[in-house]
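Everything on this sheet refers to the single structure shown next.
2 protein chains.
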Amino acid sequence: MATSLPSHPIGVFDSGVGGLTVVRALMDRLPFENIVYFGDTARVPYGVKSTSTIEHFTLQIVDFLQRQNVKMLIIACNTMAAVAAEKVREISPLPVLDVIESGALCAVAESKTGGIGVIGTPTTINSNAYARAIHQMDPDCRVYSQACPLFVPLVEEGWLDHPVTRLTAQEYLKPVFVEQIDTLVLGCTHYPLLKPMLSTMTGNLKLVDSAIAIADQTAELLQQQGLANTQRGMPDYRYFVTDVPLNFRNVGERFLGRNLGAIEQVSLDRL
Amino acid sequence: MATSLPSHPIGVFDSGVGGLTVVRALMDRLPFENIVYFGDTARVPYGVKSTSTIEHFTLQIVDFLQRQNVKMLIIACNTMAAVAAEKVREISPLPVLDVIESGALCAVAESKTGGIGVIGTPTTINSNAYARAIHQMDPDCRVYSQACPLFVPLVEEGWLDHPVTRLTAQEYLKPVFVEQIDTLVLGCTHYPLLKPMLSTMTGNLKLVDSAIAIADQTAELLQQQGLANTQRGMPDYRYFVTDVPLNFRNVGERFLGRNLGAIEQVSLDRL
């Protein structure tokens, strides 16, 4: 593999469209960085698949992004981060950040009482990856986790502040609220779109948005490693998906908060 | 390919677990038939994927089932039936039934006023396949379709008669109820599990369950073609899935209403 250069793009990947919330945070925080995004839209969602299947798919994507000469990797999918982050760090010579480590770091820094709630997909929650990461950083934290399987379909339906979504959130969050927490980690890249609704329900709780957390850590990492792009032109954004991009564009522009431009489809056979 | 024999199994396939509602109806209606079920759990759901991807996956499954010596094929997935049924009939020498044709036939037979509502996943509804099938059978029918993207995740969450599900159903069905319909087709294999809740909301509407419709048509087809199994022993049921079977078993036994027995995992590379 060629040496990484500052002008090379950041590689961001996700099982589908959700990781665009991370891309959005990166664009805001690092407006001169080139970005290559990969969304595995033909095989989304990963949250219901097994560990070995997720690991297999993840390594295919990493291999593809390395062939695009990315200078670092960001695992923007909580499910892949929970299941396959270790494996990615093992096989890739590039710096790797993942949303779980970033979310955990941010939660530990933000929490004053050490009581931290985590919400995510069933696979993320069952993997216990957030609790493990948080306990590694601070063994005194108490972590309360809750799977919210309906949040992703509700966000993709666009019901961001709908009575159904509100009722679903009340049902899911009831057991979390009875615990003494002061911080709630949005452990899925779809959830930042629910932040306005959730913040009206959670009162004084601090909501940790791992998209923003990982953008901050990316800035720091690029500085430390001398990999920050010094060119000041318009950055180049490329989007690769494994299925026909129609639905990706419709939902994705809501996630990204701007136009997506060209989207390239990659056949699964090329992975 | 070897000639089909009456003792050969019926091949039923779906993108995941939903087609087990068809298997259940077959077991009840045809208790001596052997059945091979294929659920593509590593790539579920199909409802959000593109036409070409769905077609590609479908033909892989048909090929696999033909290698299991099935005597006929049942497309138990509405999305695959909507997108790929024609293609399957083109390439397979076996008799093929699909849930859309069966549901449409049953709806046309049941409706007295010719006003028929259809609910399903976005892909099924956008394909317009039910309306097309119904109009081919009776051009005078009026068809009103409504996509219900949240019903599948709600069923898989097990919220079969939950306030959230009820509120979601009210929202989705509102525009259908204002039309003059007397029949509502449950155009997704997950929806029969919502039948008890839906029937309390729909009053005098006839609910068409395509699982039951297709079981009736299977019985007829096997008789006509001399393919009904004459052996009277315990039938053999085999279940193939593409992902680790844990989740398939948990949700599947609810769909099937009985124990699943052995489940075999097929690697995607073997398709």
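For the record, the sequence lines run as chains A and B.
Under my numbering, the residue at position 195 of the first sequence is numbered 178, and the numbers go up by one with no gaps.
Under my numbering, the residue at position 29 of the second sequence is numbered 12, and the numbers go up by one with no gaps.
Every residue gets a Cβ at the ideal spot worked out from N, C-alpha and C, and that includes glycine.
Reduced DSSP secondary structure (H/G/I, E/B, other) of residue i
i          : result
B/Ser(-10) : coil
A/Thr172   : coil
A/Thr34    : helix
B/Leu229   : helix
A/Tyr256   : Any property of residue 256 of chain A remains undetermined from this structure, which presents chain A solely from -16 to 254.
A/Val259   : Only positions -16 to 254 of chain A appear in this structure, which leaves residue 259 of chain A out of reach.
B/Thr201   : helix
B/Gly235   : helix
B/Met217   : coil
B/Phe160   : helix
B/Ala211   : coil
A/Pro179   : helix
B/Val0     : coil
A/Leu9     : helix
B/Arg253   : helix
Neighbourhood of residue i by C-beta, 7 Å cutoff - its chain only, sequence neighbours within 5 removed
i        : result
B/Ala25  : Thr225, Asp226, Leu251
A/Ala202 : Arg12, Leu13
B/Ser128 : Val101, Ile108, Tyr113, Ala114
A/Thr96  : Gln163, Asp165
A/Phe231 : Val0, Gly22, Thr24, Val224, Ile246
A/Trp142 : Thr148
A/Ile117 : Ala87, Ala90, Val91, Ile99, Cys124, Val126
B/Asp257 : In this structure chain B extends from -16 to 254, so residue 257 of chain B is not present and cannot be described.
DSSP bridge partner residues for residue i (one or two, in chain order)
i         : result
B/Glu247  : B/Phe223
A/Val(-5) : A/Tyr20, A/Ile57
B/Leu167  : B/Gly100, B/Leu190
Close beta carbons around residue i, own chain, < 6 Å, minus the five adjacent residues each side
i          : result
B/Leu8     : The question names Leu, but residue 8 of chain B in the sequence shown is Ala. Contacts found: Ala194, Ile195, Ala198.
B/Gln119   : none
A/Thr41    : Met63, Ala67
A/Asp144   : Met180
A/Leu239   : Leu3, Arg7
B/Tyr205   : Checking the displayed sequence, the identity of residue 205 of chain B turns out to be Leu instead of Tyr. Answer for B/Leu205: Ala211, listed in chain order.
B/Val261   : No statement about residue 261 of chain B is possible, as the shown extent of chain B runs from -16 to 254 and does not include it.
A/Tyr20    : Val(-5), Val6, Tyr222
B/Cys131   : Ile102, Tyr155
A/Ser94    : Asp165, Thr166
A/Ser(-13) : Lys54
B/Leu219   : Contrary to the premise, residue 219 of chain B reads as Asp rather than Leu in this sequence. Hits under 6 Å: Asn17.
B/Val159   : Gly100, Tyr127, Gln129
B/Leu77    : Met55, Leu56
Beta-carbon contacts of residue i that lie in its chain and below 8 Å, excluding the five residues immediately before and after
i        : result
A/Ile37  : Tyr29, Thr62, Met63, Val66, Ala67, Thr106
B/Gln248 : Phe223, Val224, Thr225, Asp226, Val227, Pro228
B/Arg215 : Phe15
A/Leu176 : Thr4, Val138, Leu143, Arg237, Phe238
A/Lys178 : Leu169, Leu190, Asp192
(message) Report the start-end ranges of each beta strand (DSSP E) in the stretch 41 to 83 of chain B that is 3 residues or longer and not cut off at the edges.
(response) 55 to 58, 79 to 81
(message) List, from N- to C-terminal side, the alpha helix (DSSP H) runs of 4 residues or more that fit wholly inside the stretch 71 to 151 of chain A.
(response) 82 to 93, 105 to 110, 112 to 120, 134 to 140
(request) Examine the Cβ distances between the stretch 184 to 191 of chain B and the stretch 163 to 173 of chain B and report whether three or more of them are shorter than 8 Å. (result) yes
(message) Measuring CB atoms only, is the stretch 49 to 61 of chain B touching the stretch 88 to 100 of chain B, in the sense that at least three cross pairs come out at less than 8 Å?
(response) no
(message) Check whether the stretch 66 to 78 of chain A and the stretch 4 to 20 of chain A touch, using three or more Cβ-Cβ pairs below 8 Å as the test.
(response) no
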